[in-house]
Structures are given as C-alpha cells and as structure tokens.
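Visitor: Here's a structure for you.
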Amino acid sequence: MRNILIIGIGAGNPDHMTVQAIEALNRADVLFMPDKGTEKAALQQLRRRICDRFIRNPDYRTVTVAIPQRAPAGSDYRGSVDDWHARIAASYQRLFSEELAEGQCGALLVWGDPALYDSTLRIVERIRASGFALDYEVIPGISSVQVLAARHRIALNRIGEPVLITTGRKLADGFPADQDSVVVMLDGDQTFRHVASAELDIYWGAYLGTPDELLISGRLTEVMAEIEATRAQARQRHGWIMDVYLLRRNRPA
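In our numbering, the protein residues as written are 1164 to 1416.
Shown next as structure tokens:
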C-alpha cells in the first residue's frame, strides 16, 4: 500500500507550519511538487524554502507534477472543473505508480488548509475510486482566512453571529440578505465592485504571509478603487495574485 500525506503548509509564511506538519514532512520519502507554470514559480520557491528549512531527512526526493490548465468554464462550470480534476488525477496516479514504491510515503504540500477551497482531497479520492491502492492522511494548516483576520486584527464573526465563506462566483448573485459577515475567496473578477454599498466594510489582503503582503481596509465604496489599482499593479509585477477579503455590514458590533 502506498501512503500519501496531504499537508497544509499555511498561507505563505514558513512560520505558519505546525509541529504536526513539520513531522509529516519528515516522514515522507517523496514530495510531489505541483508546477503551475512560470507565473506561479514564486509559489514553488516558497515550497522549496519550507522543505529546506524543516526537513531533516537528506534522502527525500522531489518529483515535479505538471498541472494542466483548466478549460474555460463557459456555461458548464462544474463540468469543466470535473474534467480538470480528472486530468490532474491521471497525472498524480501515474507518478504515484512510477515514483512511489509499495510501503513508501509521499507528500503533497497544500497552501492553507486542505479542507478549505482546495481540490486535493477530491483528487486523491478520485484516484482511490479508480481502484488504485492508496491510503492517505490529512494534516491541517493555517488558512488564508485566518491570516487575513490576524493581519487586520479583527474577529471573523460578530458576537453570536455566523460567518459565510464563499466564492466570487457566488457573490456575483449579490450580498446575501441574511448574512452579516462574508469571506470571499477565488475572486479573480473583483466581484466586490458589483455589491458596492456604503453599508459594507471590506478587509482585503493579498500574498498573505509573504514578504509581498498587501492589506487594505475601510468602507467598501471608499477603498474599492484603491484595491482595484493595487491589485492590478501587483498582478502585473508578479504575474499572479492570490487574495481574499471579508465583507461586513458596518453596523455596531
């Protein structure tokens, strides 16, 4: 039986690594490193920096996994994602078979926490469902949502109130009428522009936990132009961007 450790490595700062995650790294014989092209080469470097800092076993190997591009979603978002996951699963399964011997342990390093808006768990389950003999363990990590709240020095929820974590695609339907605090992830379209209201505050962060970290907060209608300009400049400078934000009704706590 081959074993895979799915390790949450935090939002970008090596100091986010938990003791459990560090020990898991040191159990791995092979680290499978996803490669999403030159635009996100900085993420690959951060992974390697984490390995260099924390892995005590000099005999581990790294294997690069080329991650295919997702086809444009069009009108069938779920179908395009399912096809994309199938292609990623096929790549991982081939490499697990070729690079990981029976009884060996491999590791996948996942940004943030593997359980929050990440597809690694679904992809590994897809591999297992195909009949490939594989066991796995999940090691939680510090998510970008947690780092966002810490860096802005805020609590995500108001007293006794819920928090909704959603995506830009869902926010496009409008700010939920029954919600007070909404965390938005995976928003490449800056959907906050379409729900702009003087009743909403925004707490925005990009490249959280890295030396390039950016933070902006304030009344949404007053700072959204600044966020748009800052985001565009950062994306042009780095070639990629990862950001997340909290929208909250600006009523008394």
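Each residue gets a CB set at the ideal place from its N, CA and C atoms; glycine is no exception.
Note that this is a predicted model, so its numbers are computed, not measured.
Determine whether the beta carbon atoms of V1193 and S1307 lie at a separation below 8 angstroms.
Guide: No, the Cβ-Cβ distance between V1193 and S1307 is not below 8 angstroms.
Visitor: What do you get for G1323, buried or exposed, if any count of 16 or more other CB atoms within 10 angstroms of its CB means buried?
Guide: Burial call: exposed.
Visitor: For the alpha helix (DSSP H) that contains E1300, what are its first and last residues?
Guide: Not the alpha helix (DSSP H): E1300 falls in the beta strand (DSSP E), residues L1297 to I1302.
Visitor: Could you pull out every residue in the same chain whose Cβ sits closer than 8 angstroms to the Cβ of M1164, ignoring the five residues on either side in sequence?
Guide: Here the set comprises E1265, G1266, A1296, L1297 and D1298.
Visitor: What number of angstroms, rounded off, separates the C-alpha of R1316 from the C-alpha of R1250?
Guide: The straight-line gap from Cα to Cα measures roughly 40 angstroms.
Visitor: Suppose you measure from the CA of I1158 to the CA of R1414; what does that come to, to the nearest Å?
Guide: Any answer about residue 1158 is impossible in this case: the structure gives the chain only from 1164 up to 1416.
Visitor: Out of F1355, S1344, D1343 and N1320, which one is the CA nearest neighbour of I1336?
Guide: The sequence given here has Asp at residue 1336, not Ile. When each option's Cα is compared against that of D1336, the closest is F1355.
Visitor: Give me whichever residues DSSP pairs with V1273 in a beta bridge.
Guide: Partner(s): G1171.
Visitor: Could you check what DSSP says for L1349 in three-state terms: helix, strand or coil?
Guide: Three-state DSSP puts L1349 in coil, outside helix and strand.
Visitor: When the Cα of I1365 is compared with those of L1378, L1371 and I1305, which residue comes out closest?
Guide: The option with the nearest alpha carbon to I1365 is L1378.
Visitor: Within its chain, find whatever has a CB closer than 8 angstroms to the CB of D1198; leave out the 5 residues flanking it on each side and keep chain order.
Guide: For D1198, where only same-chain residues beyond five positions count, the Cβ hits under 8 angstroms are Q1207, T1227, V1228, A1229 and I1230.
Visitor: Take every Cβ of the region 1176-1185, pair it with every Cβ of the region 1209-1229, and state whether three or more of those distances are shorter than 8 angstroms.
Guide: Result yes; three or more Cβ-Cβ pairs closer than 8 angstroms.
Visitor: Within its chain, find whatever has a CB closer than 6 angstroms to the CB of E1300; leave out the 5 residues flanking it on each side and keep chain order.
Guide: Correct list, in chain order: L1168.
Visitor: Does D1276 pass the burial test, meaning 16 or more other C-beta atoms within 10 Å, or should it be called exposed?
Guide: The residue is buried, with at least 16 neighbouring Cβ atoms inside 10 Å.
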